[in-house]
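For the numbering used here, add 902 to where a residue sits in the sequence shown, where the first one is 1.
No residue lacks a Cβ here, since even glycine has one placed at the ideal position from N, Cα and C.
Here is the structure we will look at.
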Amino acid sequence: MCIILPVSYCHGLITGIGTTVANLRAANTKIWRFPMSKADPDDTRELLRFARDVYAEPGLQALCLRLQDEHQIDVVLLLTCCWYGCYCGEMSDTQLARAAGFADQWRAQLVSPLRQARRWLKPHPASAAGIPAEQQEALRRRIKALELDAEFMQLRALAALFNEPAAATQCSVAQATASIRANLLRYCQQIGTAGLCETDLATLLQACLLRR
């Protein structure tokens, strides 16, 4: 399934991108630091804030990268499933299919090639070809910044697809826990992976509920 976004919508995503420098915290650490503006709808800001804060919880970065590399799980969509469960409840099959239809294309055509290029550059020094090491590293950092920007744009697009207002006060901890679990399991079933074991689920649930 491929979601075609209007040109005006894509233009809004592109113009909403802030400086790429703000997305980098250290050369070898992936940290999401999304620029949020008052122009973003409330639900967009809430998803960006939620994803940033949950990803920063101890152990979450390593868990997300492992799920990404070993089970082809889209971390951005994974965190969106958690956010929706935390504030709005269970996703329907139609909602998840629509989100995955967009996310799959975005990841395959944009995020994954950038990630592959960034990872390839690190262990392949170009000094033998006369390219100074510092120039290659600068290129790798620029690619990394673009990769993070692409993930930020994906989050904003997903927030627009799920434009229900946050309803945290109407959702108990027990309801949020059940909804997050259901959304994550439904997502894993959709992509045909059993990558989320009970320990992984528990770690994600704890991080999400702490940031609720």
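8 Å Cβ shell around residue 955 - same chain, five flanking residues per side excluded: Working through the sequence shown from its first residue, we reach residue 955 at position 53. Closer than 8 Å at Cβ, skipping near neighbours: 1113.
Considering Cα atoms alone, identify which of 1080, 1092 and 1095 is closest to residue 1104. For the purposes of this step, residue 1104 is taken as residue 202 along the sequence shown, with counting starting at 1. Answer by Cα proximity: 1080.
In angstroms, rounded to a whole number, what distance separates the CA positions of residue 1019 and residue 949? Within the sequence shown, numbered from 1, the residue matching residue 1019 stands at position 117. Within the sequence shown, numbered from 1, the residue matching residue 949 stands at position 47. Looking at the two C-alpha atoms, the distance is approximately 28 Å.
Nearest-angstrom Cα separation, counted from residue 1029 out to residue 1009: Taking the sequence shown and counting its residues from 1, the one referred to as residue 1009 is at position 107. Taking the sequence shown and counting its residues from 1, the one referred to as residue 1029 is at position 127. Residue 1009 and residue 1029: Cα-Cα distance of roughly 31 Å.
By how many angstroms is the C-alpha of residue 1100 removed from the C-alpha of residue 1121? What is shown of the chain runs 903 to 1114, which leaves residue 1121 out entirely.
If we ignore side chains and look at the alpha-carbon of each, how far apart do residue 894 and residue 1039 end up? Any question about residue 894 goes unanswered here, given that the chain covers just 903 to 1114.
Selection from 976, 1050 and 969 that minimises the alpha carbon distance to residue 1016: Residue numbering aside, residue 1016 sits at position 114 when the sequence shown is read from its first letter. It is 1050 whose Cα lies nearest to the Cα of residue 1016.
Pair within 8 Å by beta-carbon distance, residue 1060 and residue 1005: Start at 1 with the first residue of the sequence shown, and residue 1060 comes out as number 158. Start at 1 with the first residue of the sequence shown, and residue 1005 comes out as number 103. Their beta carbons are under 8 Å apart, which means residue 1060 touches residue 1005 by this criterion.
Where residue 958 falls: helix, strand or coil (DSSP): Locating residue 958 in the sequence shown gives position 56, where the first residue counts as 1. Coil.
Just to confirm, are residue 1085 and residue 992 a CB contact at a threshold of 8 Å? For the purposes of this step, residue 1085 is identified with residue 183 of the sequence shown, where counting begins at 1. For the purposes of this step, residue 992 is identified with residue 90 of the sequence shown, where counting begins at 1. The answer is yes: Cβ separation under 8 Å.
What's the C-alpha gap between residue 980 and residue 969? Here residue 980 refers to the residue found at position 78 when the sequence shown is read from its first residue. Here residue 969 refers to the residue found at position 67 when the sequence shown is read from its first residue. C-alpha separation (whole angstroms): 10 Å.
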